[in-house]
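Everything on this sheet refers to the single structure shown next.
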Amino acid sequence: MLRKLLLRFLIVGVALGVVIVGVPGITATGGIIEFFKMTIVLWAISLLMRPTLKVMRVPIEIATMAFGNIVLHGLALFAFTRYIYGFSIETFWFSGINGGSFLIAPFEIPIILTILISALLLTLTSTLLYWLTK
1 MLRKLLLRFL
11 IVGVALGVVI
21 VGVPGITATG
31 GIIEFFKMTI
41 VLWAISLLMR
51 PTLKVMRVPI
61 EIATMAFGNI
71 VLHGLALFAF
81 TRYIYGFSIE
91 TFWFSGINGG
101 SFLIAPFEIP
111 IILTILISAL
121 LLTLTSTLLY
131 WLTK
């Protein structure tokens with residue numbers, strides 16, 4: 001039981017690290033202590049909410065392909081910007097894609113879309129790591 005809890009904690013930490021490194025609009029300058037606090041909060045949310053909401057949200061999760069987890073992670077990331085020192089979410093510029101006849105022009109990603117991208121990446125990474133460790 002303790003091994004499983006520790007494994008889930010490590011998975012949340014790795015997924016959060018992937019989000020911080022992988023999304024250009026997210027900066028975390030608080031150091032390891034602040035990262036540890038964020039990991040504890042996300043882990044606690046996952047630990048407390050999962051059993052309670054699992055039964056109620058199964059049909060919704062199937063229909064919306066885990067959108068509930070994405071919203072929960074997005075709200076947690078937004079709360080981190082308010083309560084965790086050194087963690088911020090900002091707009092960033094997508095540099096665009098130029099593939100010959102295929103072109104996507106550069107544009108600015110707003111904060112809400114940065115939060116959505118981060119929450120999606122956090123959900124996908126943690127789900128993949130949970131799946132790999134079963």
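Quick note: the sequence shown uses UniProt numbering, first residue 1, plus one each step.
The beta-carbon is built from N, C-alpha and C at its ideal position, and this holds for glycine as well.
What is the DSSP secondary structure of E108, counted as helix, strand or coil? Against the sequence shown, residue 108 aligns to sequence position 108. Strand.
Taking the continuous beta strand (DSSP E) assigned at T27, which residues delimit it? For the purposes of this step, residue 27 is taken as residue 27 along the sequence shown, with counting starting at 1. Segment 26 to 28, the beta strand (DSSP E) holding T27.
Sheet register partners of G99 (DSSP bridge): For this step, residue 99 is matched to residue 99 along the sequence shown. Paired residues: F102.
Buried or exposed by the 16-neighbour rule on C-beta atoms within 10 Å, applied to F94: Locating residue 94 in the sequence shown gives position 94, counting from the first residue. With fewer than 16 Cβ atoms within 10 Å of its Cβ, F94 is classed as exposed.
Helix, strand or coil: how does DSSP classify I89 here? Locating residue 89 in the sequence shown gives position 89, counting from the first residue. In the displayed model, I89 falls within a strand according to three-state DSSP.
Burial state of L42, where buried means 16 or more other Cβ atoms lie within 10 Å: Taking the sequence shown and counting its residues from 1, one reaches residue 42 at position 42. Buried.
Do you know how far the Cα of F67 is from the Cα of T125? Residue numbering aside, residue 125 sits at position 125 when the sequence shown is read from its first letter. Residue numbering aside, residue 67 sits at position 67 when the sequence shown is read from its first letter. Roughly 14 Å separates the two Cα atoms.
Between the C-alpha atoms of I33 and V19, what's the straight-line distance to the nearest angstrom? As a working note, residue 33 is residue 33 in the sequence shown. As a working note, residue 19 is residue 19 in the sequence shown. If you take the alpha carbons of I33 and V19, they lie about 17 Å apart.
Close Cβ partners of A76 (< 7 Å) along its chain, the five nearest in sequence each way excluded: Within the sequence shown, residue 76 is the residue found at index 76, counting from 1. Around A76: V41, L42, I45.
Local Cβ density within 10 Å of A105, reported as buried at 16 or more and exposed below that: The residue labelled residue 105 in the question sits at position 105 within the sequence shown. For A105, the number of other beta carbons within 10 angstroms of its own is below 16, and it is reported as exposed.
Would you mind reading off the limits of the alpha helix (DSSP H) that contains G74? For the purposes of this step, residue 74 is taken as the residue at position 74 of the sequence shown. For G74, the uninterrupted alpha helix (DSSP H) segment begins and ends at 67 to 83.
Suppose the cutoff is 6 Å on Cβ atoms and the five residues either side in sequence are ignored; what does the same chain contact list for V14 look like? Taking the sequence shown and counting its residues from 1, one reaches residue 14 at position 14. The answer is none, since no qualifying residue turns up.
Using the C-alpha atoms, what's the distance from M49 back to G128? Residue 128 sits at position 128 when you count from the first residue of the sequence shown. Residue 49 sits at position 49 when you count from the first residue of the sequence shown. A small correction: the amino acid at residue 128 is Leu; Gly does not occupy that position in the sequence shown. In a straight line, the C-alpha of L128 is about 19 Å away from that of M49.
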